[in-house]
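Engineer: So the sequence shown is numbered by the UniProt record's numbering: it starts at 1 and just counts up by one.
Backbone N, C-alpha and C fix where the C-beta goes; we use that ideal spot for every residue, glycine too.
Computed from a predicted structure; not experimentally measured.
Pasting a structure here, questions to come.
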Amino acid sequence: MIIAIDGPAAAGKGTLALRLADHYRLNHLDTGLLYRAIGRIMADRGLDLDDPVAAGAVARTLDPADLGHADLRGREAGELASRVAVHPEVRSALVAFQRDFARRAPGAVLDGRDIGTAICPDAEVKIFVTASPEVRARRRTDELRAKGRNVDYERILAEIRERDARDSGRSSAPLKQAPDAAVLDTSALDIDSAFEAAIAIVEAKRA
1 MIIAIDGPAA AGKGTLALRL ADHYRLNHLD TGLLYRAIGR IMADRGLDLD DPVAAGAVAR
61 TLDPADLGHA DLRGREAGEL ASRVAVHPEV RSALVAFQRD FARRAPGAVL DGRDIGTAIC
121 PDAEVKIFVT ASPEVRARRR TDELRAKGRN VDYERILAEI RERDARDSGR SSAPLKQAPD
181 AAVLDTSALD IDSAFEAAIA IVEAKRA
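Structure follows, in structure tokens:
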């Protein structure tokens, strides 16, 4: 079974994907880490993140070990990822990587922004996880403040809206809901309620 989970930043798709993978004993891949790793490598090497040729070269030589860096979960890495993900060269280099992972037994849960539309269009289960920009900005602000970061809610909200526009407007595999995906709006849900709703979606598809 392949479960494709897509959605914008801070909607909760990563947490849901992990819990679903554990629940169904499937492999899990946070595909956003692939782009974060590429952005981080380019930044560390002083490369131009807006250069599609350079970004594509890094993507083609990406090693699975590159996904283990601790700083890939931070806000800065997320912004770097969004910049390199617009390049078709990067996306084409990573398609095979993701599809090979999805085919591993006994199945997989992949979360990202184009899993159900571009990477695994034949996935048995597709869930589009979303929440309002305001809710997502509040979650991200609270998360960062809990880690001791002094961040401004309005700035986080502006960044989230910018990322939404960039991810939805890119020419190659933009962020959008697959026609056959179930929508899960987590704006008013805590993680347990969202997980229960996701389980219900999976079980309905399996039935």
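Once you ignore the five residues that flank residue 208 on each side, which residues in its own chain have a CB closer than 6 Å to its CB?
Structural biologist: With the chain running from 1 to 207 in the structure shown, residue 208 is simply not present.
Engineer: Below 8 Å, can you find three or more Cβ-Cβ pairs linking the stretch 154-168 to the stretch 29-44?
Structural biologist: no
Engineer: For Pro130, is the classification buried or exposed, using 16 other Cβ atoms within 10 angstroms of its Cβ as the cut-off for buried?
Structural biologist: Taking the first residue of the sequence shown as position 1, residue 130 is located at position 130. Correcting the residue type first, residue 130 is Thr in the shown sequence and not Pro. It is buried - the Cβ of Thr130 has at least 16 other Cβ atoms within 10 Å.
Engineer: For Lys126, list the residues DSSP reports as bridge partners.
Structural biologist: In the sequence shown, residue 126 corresponds to position 126, counting from 1. In the DSSP output, where bridge partners are listed per residue, Lys126 has Ala4.
Engineer: Per DSSP, which residues does Asn27 bridge with? Please list them.
Structural biologist: In the sequence shown, the residue the question calls residue 27 occupies position 27. For Asn27, the pairing in a beta bridge is given by DSSP as Ala108.
Engineer: Do you know how far the Cα of Val109 is from the Cα of Phe101?
Structural biologist: Taking the first residue of the sequence shown as position 1, residue 101 is located at position 101. Taking the first residue of the sequence shown as position 1, residue 109 is located at position 109. Distance between the alpha carbons of Phe101 and Val109 is about 10 Å.
Engineer: So, with DSSP's three-state summary, where would you put Asp50?
Structural biologist: Against the sequence shown, residue 50 aligns to sequence position 50. It is coil, neither helix nor strand.
Engineer: Measuring alpha carbon to alpha carbon, tell me which residue in Leu33, Glu124, Ala207 and Gly7 is nearest Leu67.
Structural biologist: Position 67 of the sequence shown, counting from 1, holds the residue named residue 67. With distances taken between Cα atoms, Leu67 lies closest to Leu33.
Engineer: When you compare only the Cα positions, how much space is there between Val86 and Ala165?
Structural biologist: As a first step, residue 86 must be located in the sequence shown, where it is residue number 86. As a first step, residue 165 must be located in the sequence shown, where it is residue number 165. If you take the alpha carbons of Val86 and Ala165, they lie about 11 Å apart.
Engineer: One question on the structure: do Gly107 and Thr31 come within less than 7 Å of each other, judged by their Cβ atoms?
Structural biologist: As a position in the sequence shown, residue 107 is number 107, starting the count at 1. As a position in the sequence shown, residue 31 is number 31, starting the count at 1. No, Cβ-Cβ distance for Gly107 and Thr31 is not below 7 Å.
Engineer: In the DSSP assignment, find the unbroken beta strand (DSSP E) run with Val183 in it and report its ends.
Structural biologist: Translated into the one-based positions of the sequence shown, residue 183 becomes position 183. Looking at the DSSP string, the run of the beta strand (DSSP E) that includes Val183 is Ala182 to Asp185.
Engineer: Within a Cβ cutoff of 6 Å, which residues of the same chain sit near Ile119, ignoring the five residues on either side of it in sequence?
Structural biologist: Along the sequence shown, read from residue 1 onward, the residue named residue 119 stands at position 119. These residues qualify, in order along the chain: Gln98.
Engineer: Taking the alpha carbon of Gly7 as the point to measure from, which residue in Asp152, Ile115, Glu143 and Arg170 has its own alpha carbon closest?
Structural biologist: In the sequence shown, the residue the question calls residue 7 occupies position 7. For Gly7, the nearest C-alpha among the options comes from Ile115.
Engineer: State yes or no: is the C-beta of Ala81 within less than 7 Å of the C-beta of Arg36?
Structural biologist: The sequence position of residue 81 within the sequence shown is 81, counting from 1. The sequence position of residue 36 within the sequence shown is 36, counting from 1. For the pair Ala81 and Arg36, the CB atoms are nearer than the 7 Å cut-off.
Engineer: I need the DSSP call for Lys205, collapsed to helix, strand or coil.
Structural biologist: On the sequence shown, residue 205 is found 205 positions in, with the first residue counted as 1. It is helical.
Engineer: Which of the three DSSP states is assigned to Gly148 in this structure?
Structural biologist: Residue numbering aside, residue 148 sits at position 148 when the sequence shown is read from its first letter. In this structure, Gly148 counts as coil in the three-state DSSP scheme.
Engineer: Hey, out of Ala204, Ala207, Asp122 and Glu196, whose CA is closest to Leu16's CA?
Structural biologist: Stepping through the sequence shown from its first residue, residue 16 is reached at position 16. Proximity to Leu16 across Ala204, Ala207, Asp122 and Glu196 peaks at Glu196, based on C-alpha coordinates.
Engineer: Give a yes or no on whether the C-beta atoms belonging to Leu175 and Asp185 are separated by under 7 Å.
Structural biologist: Along the sequence shown, one-based indexing puts residue 175 at 175. Along the sequence shown, one-based indexing puts residue 185 at 185. No; because the gap between Cβ atoms is not below 7 Å, this pair is not in contact.
Engineer: Among Leu189, Ala70, Ser187 and Ala178, whose alpha-carbon lies nearest the alpha-carbon of Thr117?
Structural biologist: Here residue 117 is taken as the residue at index 117 of the sequence shown, counted from 1. Minimum Cα distance to Thr117 is reached at Ala178.
Engineer: Which of the three DSSP states, helix, strand or coil, is assigned to Leu18?
Structural biologist: Translated into positions along the sequence shown, residue 18 becomes position 18. Leu18 falls in the helix class under three-state DSSP.
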